[in-house]
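Step one of this worksheet: look at the structure below.
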Amino acid sequence: MNYIELAIKEGYKALELGEIPVGAIIVKDNKVVGRGHNLKESNKSVISHAEILAIEEACRNTGDWRLTGCEMYVTLEPCPMCAGAIIQSRISKLHIGTFNRDMGACGSIVDLVNDRHLNSYLNVNWLYNKECSDIITEFFKNRRKENKFLKKKGDEYDE
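In terms of the UniProt record's numbering, the sequence shown has 14 at position 14, counting the first letter as 1, and numbering is strictly consecutive.
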């Protein structure tokens, strides 16, 4: 089974809700035990990131907060908050679809998941998946267009 494809499907669920299109899947023994997509705006919660929601579901489904032996597939490199949750949950391997130029905490900007100061050594697999990259790029391109339109429309009302 192609688990990054399942994570991408989760990302599209977020996109349909107007959320940043990030999806995450957690697998243990070839079985999906957790899934999530961004719901930050929908839930009005700063912690409703795909990775956090997938971890919470995996903990419920496995009956343990320790996710040793689990692998996470995520479409976008986790931010510092999510990287911290991944470390704390003891996920064994992280598969990343594409890098995060703004908040990447798994090797692109900082590397919290492999920091000797944190006693953290996580096996990270960079997938460099084109669809993961394209969906996030397109989302922010459209958002910039919308913001320009709204700013322009706002300027008309100022006259």
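For each residue, glycine too, the CB sits at the ideal point set by N, CA and C.
For glutamate 159, which three-state DSSP category applies? By one-based count along the sequence shown, residue 159 stands at place 159. Since pLDDT at glutamate 159 reaches only 46, below the 50 mark, its modelled position is unreliable, and the value read off the structure follows with that caveat. In the three-state scheme derived from DSSP, where H, G and I count as helix and E and B as strand, glutamate 159 is classed as coil.
Which one of Gly18, Glu57, Ala24 and Asn30 has the shortest CA to CA distance from lysine 44? As a first step, residue 44 must be located in the sequence shown, where it is residue number 44. Scanning Gly18, Glu57, Ala24 and Asn30 for the CA closest to the CA of lysine 44 turns up Gly18.
Residues near leucine 112 by beta carbon distance below 8 Å, same chain, minus five either side: Residue numbering aside, residue 112 sits at position 112 when the sequence shown is read from its first letter. Once the five neighbours on either side are set aside, the close Cβ partners of leucine 112 are Pro80, Ala83, Gly84, Ile87, Ala105, Cys106, Leu118 and Ser120.
Beta carbon of leucine 17: closer than 8 Å to some heavy atom of the ligand SAH? In terms of ligand content, the structure shown is empty, and the ligand SAH therefore cannot be addressed.
Determine whether the beta carbon atoms of valine 27 and glutamate 77 lie at a separation below 9 Å. Position 27 of the sequence shown holds residue 27. Position 77 of the sequence shown holds residue 77. No, Cβ-Cβ distance for valine 27 and glutamate 77 is not below 9 Å.
Should glutamate 10 go down as buried or exposed, given a rule of 16 or more other Cβ atoms within 10 Å for buried? Counting from 1 along the sequence shown, the entry for residue 10 is found at position 10. Under this definition glutamate 10 is a buried residue.
With alanine 50 as the anchor, note down where its alpha helix (DSSP H) starts and where it stops. Within the sequence shown, the letter at position 50 stands for residue 50. Membership of alanine 50 in the alpha helix (DSSP H) is indicated by the continuous run 50-62.
In chain order, what residues of the same chain lie with their CB nearer than 8 Å to the CB of glutamate 146, ignoring the 5 residues before and after it? In the sequence shown, the residue the question calls residue 146 occupies position 146. Cβ within range, chain order: n/a, list empty.
Residues in the same chain with beta-carbon distance under 6 Å from glutamate 41, minus the five sequence neighbours each way, listed in chain order, please. Taking the sequence shown and counting its residues from 1, the one referred to as residue 41 is at position 41. Beyond the five residues adjoining it in sequence on each side, glutamate 41 comes within less than 6 Å, by CB distance, of Glu19 in the same chain, given in chain order.
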